[in-house]
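Peer 1: Here's a structure for you.
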Amino acid sequence: MLNRCINALSSRDVKLEDIAECVKLLQGKYIEDLSDEDVMNNILAVLSKREVQYALLTAIELDMLCEEGKYHDKELEHDVLNDVGLYGIDEVLAYGICNIYGSIALTNFGYIDKIKPGIIGKLNDDHSLRCNTFLDDIVGAISASAASRLAHGK
Ligand code: MG
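With our numbering as the guide, the letters of the sequence shown map in order to residues 12 to 165.
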């Protein structure tokens, strides 16, 4: 299941290294000598939770069905594809991940969702052939959760 999730991310052009960059941005200033290995181990620990895995796979499925025009409700499809401001359910799905890792994950998620660094900004801006409405929030939530896990471990 972990490999299935890593492959699903990579099929959407998201590498674990991209997520690691976001985690370092969130937690680097609080942990001196934060190693790449520590960051990666915490990302993998988050990705190993079944609830996280299902949120991730569901998000990618909803994005792909949307970009392929396979929603039954075409008005909903239009709103998801255009990531309209009041949609918000993409973020709610991502909270499902943050909730496992507590308040630090939630505040980090809010922060990273505002500044949209690196891969999150790239996903958010990529409206060419893709729908990433759900995935950008999932990547943010995984980053925020890995940062929280690091914080609690120190
Ligand atoms: Mg979104």
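For each residue, glycine too, the CB sits at the ideal point set by N, CA and C.
Use the C-beta contact count for Ser-156: other C-beta atoms within 10 angstroms, 16 or more gives buried, fewer gives exposed.
Peer 2: Taking the sequence shown and counting its residues from 1, the one referred to as residue 156 is at position 145. The residue is buried, with at least 16 neighbouring Cβ atoms inside 10 Å.
Peer 1: Excluding the 5 residues preceding and the 5 following Leu-117 in the sequence, name in chain order all residues of the same chain whose CB lies nearer than 8 Å to its CB.
Peer 2: Position 106 of the sequence shown, counting from 1, holds the residue named residue 117. Excluding residues within five positions, the ones whose Cβ falls inside 8 Å are Tyr-106, Cys-109, Asn-110, Ala-155.
Peer 1: The alpha helix (DSSP H) that contains Lys-125, what's its start and end?
Peer 2: Here the question's residue 125 lines up with position 114 in the sequence shown. Lys-125 -> alpha helix (DSSP H) spans 113–126.
Peer 1: Under a Cβ-count criterion, where at least 16 other Cβ atoms within 10 Å of its own Cβ denotes burial, should Leu-140 be classed as buried or exposed?
Peer 2: Residue 140 sits at position 129 when you count from the first residue of the sequence shown. Its Cβ having fewer than 16 others within 10 Å, Leu-140 is exposed.
Peer 1: Rounded to a whole number of angstroms, what is the C-alpha to C-alpha distance between Ser-11 and Val-95?
Peer 2: Shown here, the chain extends from 12 to 165; a query on residue 11 therefore has no answer.
Peer 1: Looking only at C-alpha atoms, which of Ile-153, Leu-92, Arg-61, Asn-143 sits nearest to Gly-121?
Peer 2: As a position in the sequence shown, residue 121 is number 110, starting the count at 1. It is Ile-153.
Peer 1: Ordered along the chain, which non-local residues of its own chain (more than five positions away) have a Cβ less than 6 Å from that of Asn-53?
Peer 2: The residue you call residue 53 lines up with position 42 of the sequence shown. Here the set comprises Ala-157, Arg-160, Leu-161.
Peer 1: Which residue wins for smallest C-alpha separation from Ile-123, given the options Asp-24, Lys-35, Leu-73?
Peer 2: Sequence index remark: in the sequence shown, residue 123 carries index 112 (1-based). Nearest C-alpha to Ile-123: Lys-35.
Peer 1: Assuming contact is defined by CB atoms lying nearer than 8 Å, are Cys-16 and Leu-68 in contact in what I supplied?
Peer 2: As a position in the sequence shown, residue 16 is number 5, starting the count at 1. As a position in the sequence shown, residue 68 is number 57, starting the count at 1. Yes.
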